[in-house]
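So the protein lines, in turn, are chains E and R.
Count along the first sequence from 1, then add 52; that gives the number in the working numbering.
Count along the second sequence from 1, then add 45; that gives the number in the working numbering.
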Amino acid sequence: MKRAFFLFVLLSILLSACGGGTAETPAAVGLPEDAAALAAERGLTPNDVYAALKTYMPSGQTDPYIMFASGGQSGQVLVVGVPSMRILKMIAVFTPEPWQGFGFGGSSMEVLEGGNVEGNSVLWGDTHHPSISETNGEYDGQFLFINDKANARLAVIDLRDFETKQIIKNPNSINDHGGAFVTPNTEYVIEGPQYAAPIGWEFAPIEEYQEKYRGLITFWAFNRVNGRVDWENSFQIELPPYWQDLCDAGKKVSDGWIFCNSFNVEMATGGIEEGNPPFEAGASKGDTDYLHIIDWKKAEAVFKAGKAETINGIAVIRLQTAIDEGLLYFTPEPKSPHGSDVTPGGEYVVVGGKLDPHATIYSFEKMMAAIQAGGLETDVYGVPVIPLDKSMEAQVELGLGPLHTVFDDKGYAYTSLFLDSAVARWTLGGPYSGLNPDEPWSLVQKLPVQYNIGHITAAEGDTASPDGQYVVALNKWSIDRFANVGPLLPQNFQLVDVSQSGDQMKLLYDMPVGMAEPHYAQIIKADKLQPFTVYPEVGWNPDTMSVDPNAITSEAEARVERNGNEVEIWMTVVRSHFNPERVQIKKGDHVTWHLTNLEQTRDATHGFALSGYNINLSLEPGETQTVEFDATLSGTFTYYCTEFCSALHLEMLGYFMVEP
Amino acid sequence: MFQKLIVSLDLKVLLPDGSQRRLFDYLLPSAFLMAAALLLVVSMFMPYWQMRMNAPQYPDGLFVNVYINHLDGDIREIDALNHYLGMPPLDEGGRFERSISFLAVGVLGMLLMAGVFIGNQWAGVLALPALAWPIIFLADLWLILYRYGHSIDPESALGSAIDPFTPPILGLGTVGQFGTLASFQPGLYLSFVACSLILVGLWFHRRAYKPVVEAHKRLSVANT
């Protein structure tokens, strides 16, 4: 091989010497004739060809980045390769999903039950903000958190197997929008609230809104060792009922603080039917709302010192305590703000104006100086308010409807402009000046996107060291971008090339999302993810992430045991048979059925569907699952493999006979 | 130190009939036989033989490495595939041989070492098992492969679709959608090298001890 290469090099040198060094480089040659003809026939511009070459992924090559996108109302999480924009997986989170066997028997049942609301099962979610676990403000690729806005729930996904391990219901909040966001070392997963509710989530007439309704921010302590939220060490802080929205944790210089915007300082209570201004008007009346500045490290100390009240089983730092202990400060933010995004070094917080054409940039240093100086006036609840001129660093006029901001490695910020349907690229100042040729704190380019962009995400764009390269515009409307598939249209994820400085952003690719309306997404370097290819040992329980005591590792151990009307089955699953293949029981028996997939080969997954009993498991190589049910139906049933596993897949079945 | 070694290599040995030979001539065969024994011992920890299996749905292929006392590689998967033919698990082939292999190599090594202390043609006889070792290994492997390929169960899922076969011991073959590639591995090569060392060692052995044996003969003839 080496020798062949050497010969080739030698030959090339000789040839080029003979040809007088006139050999042309491929770039100078241009497209091959057939490709050029194809481009002409399809009317492709040079930009189109560039975009195609930038995004095309030849068979067998994998994407350098992975995007985790909220699955919106589907209650799931999308996993997408960037830049090819191919959907790799849809992780089942809040909603049952049969392919992954999620919610159709096995350990996923308990995970879903964790999300019950007052004992009622809620089998969907409105997922909003995925958040990858971080170490020192960088994605570490270990866990993914996502919230369900509709029911104020939080889910933990283990990125070793891309499966949801835990769902918890916030006991005091009705909704959450500002979740999930992690602190720089994933000490806490922050779940911001949205619509205010009476403290303790009880009934209170809307007329008592100002007295009884409150916002709540939750700090879920996360235990990396067992991969679960640690309820005992989690706490909440009571806030005024201002409809807190999105949050971001400070990092580096601002580590220890978090920043959340709010949008109903007016404390509008609606009632359009009674002639009151509707929420949309009432909550937008004032010129400013409040950016919440919270000292979470001090709050943690206050909580640990026992200065919190337990409400519905979780510690709550009351508003007055938060004020007295100096945990909470406000500063005004322009009209109907949206987004609250901390710059990579933690120096600034960027807030979009939604109904104000500016991005407002706050300086952490200035805010700290103002807090130090003291003598601040307070809002109606007594929370100190830092005047805008004492907290603001700069304002950059971007256009209409600025919402969210992400960052790159060249000192640029990217803000979604909802009303303008554009991505604004603008420059940061301060320590970021000079990383690009453009003037600090200035708009550089507005790239039209199709249409109504909500969130925006960039490669590692909300970490301490963004990568640049790619931005994805998460557009709410697609209108005419795709073939008409009826009045419910797909969303449009648009990939943008941001690798060049200046006004050189380029649109690369439209990806239809025809399953829900995603919100935020995060893009991680693919090599930071090290998931299992198969489970590490035969008999692996994905819930405990260890070998299951009821796993069996050979077919010789397969058996059925009866004890009274309790029937327990230990079954092996391997290409292309279940063992045992006949199970006969009596109606009314309680069945506990352990299944172990003996395979250790990549992709040798088997399904286990039990007709009539609403059971379908996905048994990945090495996995053990247990299903339990009462045999309420008598008759003859089959269990069969639902994942096409082998040439004899159709033969992979067993009979389940229930005597009446 | 080095000087001392040169001097010691230059030492002379007095033969029974009063003639002299260099000590070095006697160290040399011992060194070769000891090196051969050492190589055999080292080879126990290396694979002797390998079978690679390639099919479209296994981009990285499957393989099994055969050591003298165990197997490694994609055993589980190969067994899973072979069960369709009703073939026994790989681990069942050559179980007895594997169980005694370490002991056997130990004995071979000891016999070789005995040659260091035996100053006549019996050293060559004692070295014969070690010389035959790689051939014994390959012959036994062939037998195991033959039995394996002829253990297809006609009652199994695909048993009637494939005729009995013997996987090639070296080079390319085909089974179903699998292309197979059998190759010798470092352990077996080491045992080949050990054999060469033994042959060279025996040659030196003969050169060194033949005069001694003959001297003894002359002496005994003279004495009678």
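Glycine is no exception: its CB is placed at the ideal position from the N, C-alpha and C atoms.
Keep in mind the model is a prediction, meaning the values are calculated, not measured.
Taking Cβ-Cβ distances shorter than 9 Å, what residues in chain E pair up with glutamate 122 (chain R)?
The answer, in chain order, is Glu651, Gln652, Thr653 and Ala656.
Closest to lysine 217 (chain E) by CA distance: which of E:Met161, E:Asp600 and E:Val612 is it?
Ranking E:Met161, E:Asp600 and E:Val612 by Cα distance to lysine 217 (chain E) puts E:Met161 first.
Do you know how far the Cα of glycine 664 (chain E) is from the Cα of glutamate 703 (chain E)?
19 Å
Terminal residues of the continuous alpha helix (DSSP H) containing proline 231 (chain R)?
231–268
Chain R partners of valine 626 (chain E), CB-CB under 9 Å?
Ala125 and His128
Which of the three DSSP states, helix, strand or coil, is assigned to threonine 74 (chain E)?
Since pLDDT at threonine 74 (chain E) reaches only 43, below the 50 mark, its modelled position is unreliable, and the value read off the structure follows with that caveat. In the structure shown, threonine 74 (chain E) sits in coil (DSSP, three-state: anything other than H, G, I, E or B).
Skipping 5 residues on each side, what residues in its chain have a beta carbon closer than 6 Å to that of cysteine 697 (chain E)?
Arg627 and His658
Buried or exposed (CB count within 10 angstroms, at least 16 for buried), glutamine 424 (chain E)
exposed
Which residues does DSSP pair with arginine 477 (chain E) in a beta bridge?
E:Tyr466 and E:Gln497
Please list the partners that leucine 700 (chain E) has in chain R, where partner means a Cβ-to-Cβ separation under 8 Å.
Within chain R, the residues near leucine 700 (chain E) are Tyr129 and Ala202.
Are glycine 189 (chain E) and alanine 511 (chain E) closer than 7 Å when you measure CB to CB?
no
Neighbour-count burial assignment, asparagine 504 (chain E), 16 or more Cβ in a 10 Å radius:
buried
Looking only at its chain, what residues have a beta carbon closer than 6 Å to the beta carbon of valine 524 (chain E), apart from the 5 residues adjacent to it on each side?
Hits under 6 Å: Thr509, Phe545 and Leu547.
Which word fits valine 432 (chain E), buried or exposed, when buried means at least 16 other C-beta atoms lie within 10 angstroms of its C-beta?
Exposed.
I'd like the list of long-range same chain contacts for valine 86 (chain R), defined as Cβ closer than 7 Å, with 5 residues on each side in sequence excluded.
Val150 and Gly154
Check threonine 216 (chain E) in the structure and name its three-state DSSP category.
strand
Endpoints, the beta strand (DSSP E) within which proline 564 (chain E) is located
558–565
With which residues is methionine 444 (chain E) paired in a DSSP beta bridge?
E:Tyr414
For the candidate residues E:Lys577, E:Gly155 and E:Asp210, whose alpha-carbon lies nearest to that of threonine 596 (chain E)?
E:Asp210
Out of curiosity, what's the CA-to-CA distance linking serine 686 (chain E) and valine 590 (chain E)?
33 Å
For proline 98 (chain E), does the three-state DSSP call read helix, strand or coil?
helix
Indicate the three-state DSSP secondary structure (helix, strand or coil) for serine 183 (chain E) in the structure shown.
In this structure, serine 183 (chain E) counts as strand in the three-state DSSP scheme.
Check each candidate in E:Val550, E:Ser530, E:Ser551 and E:Asp549 and name the one with the smallest Cα separation from leucine 541 (chain E).
E:Ser530
Could you check whether the Cβ of serine 241 (chain R) sits closer than 7 Å to any Cβ belonging to chain B?
No chain B appears in the structure shown, which is made up of the protein chains E and R.
Please list, in chain order, all residues of the same chain as proline 256 (chain R) whose beta carbon is under 8 Å from its beta carbon, the five residues on each side excluded.
These residues qualify, in order along the chain: Leu60, Ser64 and Arg66.
Does any CB atom of chain R fall closer than 7 Å to the CB of alanine 80 (chain E)?
Residue placement at alanine 80 (chain E) cannot be trusted, given a pLDDT of 43 that sits under 50; the coordinates are not used to answer.
If you reduce the DSSP assignment to three classes, tell me which class threonine 644 (chain E) lands in.
strand
Which first and last residues belong to the alpha helix (DSSP H) in which arginine 138 (chain E) is found?
DSSP places arginine 138 (chain E) in no alpha helix (DSSP H) but in the uninterrupted beta strand (DSSP E) bounded by 138–143.
Would you mind giving the Cβ-Cβ distance between glutamine 574 (chain E) and valine 550 (chain E), rounded to the nearest angstrom? I have them listed as a contact below 8 Å.
At roughly 16 Å, the Cβ-Cβ gap does not stay under 8 Å, so glutamine 574 (chain E) and valine 550 (chain E) are not in contact.
Could you have a look at tyrosine 117 (chain E) and say whether DSSP puts it in helix, strand or coil?
strand
Can you tell me where the beta strand (DSSP E) with asparagine 544 (chain E) in it begins and where it stops?
543–549
Can you name the start and end residues of the beta strand (DSSP E) that methionine 98 (chain R) belongs to?
94–100
Distance between phenylalanine 416 (chain E) and valine 401 (chain E) (C-alpha atoms, nearest Å)
7 Å
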